[in-house]
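**Q**
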Amino acid sequence: MAKKNNYKNENDFSLLSTKVRTRVKNLIDKRLTSQTVMLFAQEYEAYDIDFREELIEYINFLMEIEREKWMNESAYLYEKQKVGSFGSLKQNDFYKKQEELKKFQEYLSKDRTSATQKAIEDSRREVLVKKPESPEFVNKASNKNVKSIEKNSINRMLLEAKAREEKEAREARLRETKRAEEERKEQLAKQKELEKKKKEAIKKSKEKNASKKLEKKPSKKSKVQVQPIIDRNYEKEQAEKEKLWKELYGKTREETLNERKTENEFKESFVEYDKKPNFNSTNEIQKSFMILGYEFSIDEVTDPKNRYFSFWYNLKKRVKTSNISIWLSIHPNKQKSILNKRLRIETNIGIWDKLKAIFNVKPKVQVVKKEKSKRKEVKKEIKKIEIKKQEKENKIISESN
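If you're matching positions, the sequence shown starts at 1 in UniProt numbering and goes up one per residue.
Take a look at the structure:
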């Protein structure tokens with residue numbers, strides 16, 4: 001049997017995984033029956049002895065925890081004098097669990113042959129009864145059969161456990177999918193109902209509006225029909241208006257209109273301050289301006305292509321004016337300095353023109369020289385061609401002779 005429980009925590013059980021511990025706890029909570037004990041023992045009896053011993057110790061450890069809980073609860077209830085049927089039920093439940101776990105420990109113990117081993121022995125006996133052969137051959141065959149049956153039984157148990165887990169997972173998935181489909185169908189049905197209600201409400205509102213419009217239209221027609229038709233004599237009305245006009249103004253309407261026209265024409269012809277622009281093509285445009293007796297063309301100020309345009313443009317910019325001739329007439333003190341600058345620029349430009357003319361002569365001479373050299377080369381080539389022709393003719397004449 002198993003040793004005494006020297007374990008203090010769950011972490012001390014190193015051979016057992018967390019999955020195995022949780023499974024054992026769940027089985028204890030769900031109240032083990034003889035069938036579940038058999039199945040659980042068959043799954044774990046193929047493991048090593050150390051593993052099984054530790055599993056038995058773990059079950060004892062859990063039972064001690066249960067016993068301590070039960071004792072604490074009973075002591076607490078006894079102090080408050082409320083011990084009755086609840087305490088007896090707890091006690092019975094604990095004893096039942098203890099009995100079932102003892103069975104489980106017996107199945108896992110190494111001294112006792114398990115249910116699968118019994119099945120193996122029965123099958124071995126049947127084989128021996130059916131095939132009585134030589135003792136050596138029988139021993140070998142029996143050993144082989146035992147090993148194969150043990151392996152098959154272990155594999156079968158593992159496969160059954162896997163199949164059970166897969167089946168449970170499959171069923172859970174199917175349940176979830178069915179529930180999701182049902183919820184989706186319910187949502188679709190609700191949406192369809194809402195859409196139908198909306199459509200019906202829209203139709204009803206349209207029908208109401210149409211009925212209201214139809215009710216209103218005949219009332220308008222009836223009103224139009226009820227209105228009386230009045231015959232008007234426009235000539236008579238006009239004669240009455242003219243009479244009233246004469247009584248008020250002492251003149252007919254035509255006479256008053258003619259008088260107004262003549263008054264307007266007189267006002268237009270005699271205006272003290274005429275603000276309309278008056279342009280005469282005969283007036284001469286300003287062509288030049290004067291500075292201390294020197295006359296300068298207006299193109300110097302207006303034409304950007306003119307060589308003196310930049311001088312006048314910079315001056316206008318510095319002085320902040322648009323019309324330089326008016327500015328000069330307003331500031332006579334500054335005319336002399338501006339005139340000197342203008343004349344100085346003119347003299348400088350004259351010198352530059354002369355220098356450009358000098359430098360522009362040389363390239364012309366070079367062009368003439370190049371043309372002469374080209375002509376000489378052309379003449380030389382023509383002479384060479386003529387000489388070759390004469391040589392050919394002489395050869396032909398000599399050959400013919």
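For glycine and all other residues, C-beta sits at the position ideal for the given N, C-alpha and C. All figures in this text were calculated on a predicted structure; none of them were measured in a lab.
Starting from the C-beta of N314, find all residues in its chain whose C-beta is less than 8 Å away, skip the five residues before and the five after it, and write them out in chain order.
**A** Your numbering for residue 314 matches position 314 in the sequence shown. Cβ neighbours of N314 beyond the five flanking positions: none.
**Q** What residue does the beta strand (DSSP E) around Y294 start on, and which one ends it?
**A** One-based indexing of the sequence shown puts residue 294 at position 294. Run containing Y294: 294-297, per the beta strand (DSSP E) assignment.
**Q** Distance, Cα to Cα, R21 vs E168?
**A** On the sequence shown, residue 21 is found 21 positions in, with the first residue counted as 1. On the sequence shown, residue 168 is found 168 positions in, with the first residue counted as 1. Straight-line Cα distance between these residues: approximately 20 Å.
**Q** Rounded to whole angstroms, what's the CA-CA distance from L328 to Y294? Just pull it up for me.
**A** Mapped onto the sequence shown, residue 328 falls at position 328. Mapped onto the sequence shown, residue 294 falls at position 294. Computed Cα separation, rounded: 13 Å.
**Q** Which residue comes first and which comes last in the alpha helix (DSSP H) that contains S329?
**A** Indexing the sequence shown from 1 puts residue 329 at position 329. From DSSP, the alpha helix (DSSP H) with S329 extends over 324-330.
**Q** Rounded to whole angstroms, what is the Cα-Cα separation between E393 and K372?
**A** For the purposes of this step, residue 393 is taken as residue 393 along the sequence shown, with counting starting at 1. For the purposes of this step, residue 372 is taken as residue 372 along the sequence shown, with counting starting at 1. About 32 Å.
**Q** At the level of alpha carbons, what is the spacing between L158 and L188?
**A** The residue given as residue 158 occupies position 158 in the sequence shown. The residue given as residue 188 occupies position 188 in the sequence shown. Going by the C-alpha atoms only, they are around 45 Å apart.
**Q** Can you tell me which residues form a DSSP beta bridge with V311?
**A** Here residue 311 refers to the residue found at position 311 of the sequence shown. Rather than Val, the amino acid found at residue 311 in this sequence is Phe. DSSP output for F311 lists no bridge partner at all.
**Q** Do you know whose CA, among L27, N26, F40, Y58, lies nearest L16's CA?
**A** Along the sequence shown, one-based indexing puts residue 16 at 16. Per the Cα distances, Y58.
**Q** Could you spell out the range, first to last residue, of the beta strand (DSSP E) harbouring S288?
**A** Here residue 288 corresponds to residue number 288 of the sequence shown, with the count starting at 1. Here the beta strand (DSSP E) through S288 covers 288-291.
**Q** Return yes when the Cβ of I338 is within less than 7 Å of the Cβ of V301, no when it is not.
**A** For the purposes of this step, residue 301 is taken as residue 301 along the sequence shown, with counting starting at 1. For the purposes of this step, residue 338 is taken as residue 338 along the sequence shown, with counting starting at 1. The answer is no: Cβ separation not under 7 Å.
**Q** Mind checking I56: buried by the 16 CB within 10 Å criterion, or exposed?
**A** Within the sequence shown, residue 56 is the residue found at index 56, counting from 1. Under this definition I56 is a buried residue.
**Q** Give the C-beta separation of F311 and R344 to the nearest angstrom, bearing in mind that I take them to be a contact with Cβ-Cβ under 8 Å.
**A** Counted from its first residue, the sequence shown places residue 311 at position 311. Counted from its first residue, the sequence shown places residue 344 at position 344. Wrong, their Cβ atoms sit about 10 Å apart, outside the cutoff.
**Q** Whose C-alpha, out of S14, A201, E399, D303, is nearest the C-alpha of D50?
**A** Here residue 50 is taken as the residue at index 50 of the sequence shown, counted from 1. If we check each option's Cα against that of D50, S14 comes out closest.
**Q** Whole angstroms is fine: what's the gap from R170's alpha carbon to K185's?
**A** Numbered from 1 along the sequence shown, position 170 holds the residue referred to as residue 170. Numbered from 1 along the sequence shown, position 185 holds the residue referred to as residue 185. Near 22 Å, if we compare the C-alpha coordinates of K185 and R170.
**Q** In three-state terms, what does DSSP make of F51?
**A** Numbered from its first residue, the sequence shown carries residue 51 at position 51. In this structure, F51 counts as helix in the three-state DSSP scheme.
**Q** Where does L257 fall in DSSP's three states?
**A** As a working mapping, residue 257 is identified with position 257 in the sequence shown. Of the three classes helix, strand and coil, the one that applies to L257 here is helix, per DSSP.
**Q** In angstroms, rounded to a whole number, what distance separates the CA positions of E207 and E195?
**A** Indexing the sequence shown from 1 puts residue 207 at position 207. Indexing the sequence shown from 1 puts residue 195 at position 195. Cα-Cα distance, rounded: 18 Å.
**Q** Over what stretch of residues does the alpha helix (DSSP H) that includes E240 continue unbroken?
**A** By 1-based counting over the sequence shown, the position of residue 240 is 240. First-last of the alpha helix (DSSP H) with E240: 234-249.
**Q** Would you mind working out which of E391, Q335, L62, F309 sits nearest E346, comparing C-alpha positions?
**A** Taking the sequence shown and counting its residues from 1, the one referred to as residue 346 is at position 346. If we check each option's Cα against that of E346, F309 comes out closest.
**Q** On a CA-only basis, which of S211, I291, L214, R175 is nearest H331? Give me that one, please.
**A** Here residue 331 is taken as the residue at index 331 of the sequence shown, counted from 1. It is I291.
**Q** Does S74 come out as helix, strand or coil in the three-state DSSP assignment?
**A** To locate residue 74, count along the sequence shown from 1; it is residue 74. S74: helix per DSSP, three-state reduction.
**Q** Determine the DSSP secondary structure at N209, reduced to helix, strand or coil.
**A** The residue given as residue 209 occupies position 209 in the sequence shown. Reduced to three states, the DSSP call for N209 is helix.
**Q** Give me the Cα-Cα distance between K383 and R375, rounded to the nearest whole angstrom.
**A** In the sequence shown, residue 383 corresponds to position 383, counting from 1. In the sequence shown, residue 375 corresponds to position 375, counting from 1. For K383 and R375, the distance between alpha carbons rounds to 13 Å.
**Q** Between K389 and K379, what straight-line distance do the alpha-carbon atoms span, to the nearest angstrom?
**A** Here the question's residue 389 lines up with position 389 in the sequence shown. Here the question's residue 379 lines up with position 379 in the sequence shown. Their Cα atoms are separated by approximately 16 Å.
**Q** What whole-angstrom Cβ distance do R232 and E242 have, given they're in contact under 8 Å?
**A** Start at 1 with the first residue of the sequence shown, and residue 232 comes out as number 232. Start at 1 with the first residue of the sequence shown, and residue 242 comes out as number 242. So it is not a contact: roughly 17 Å between Cβ atoms.
**Q** Quick one: what does DSSP say S398 is sitting in, helix, strand or coil?
**A** Here residue 398 refers to the residue found at position 398 when the sequence shown is read from its first residue. It is helical.
**Q** Excluding sequence positions up to five away, which residues of its chain have a Cβ less than 8 Å from the Cβ of T18?
**A** Reading the sequence shown from its first residue, position 18 is the one you call residue 18. So no residue of the chain qualifies.
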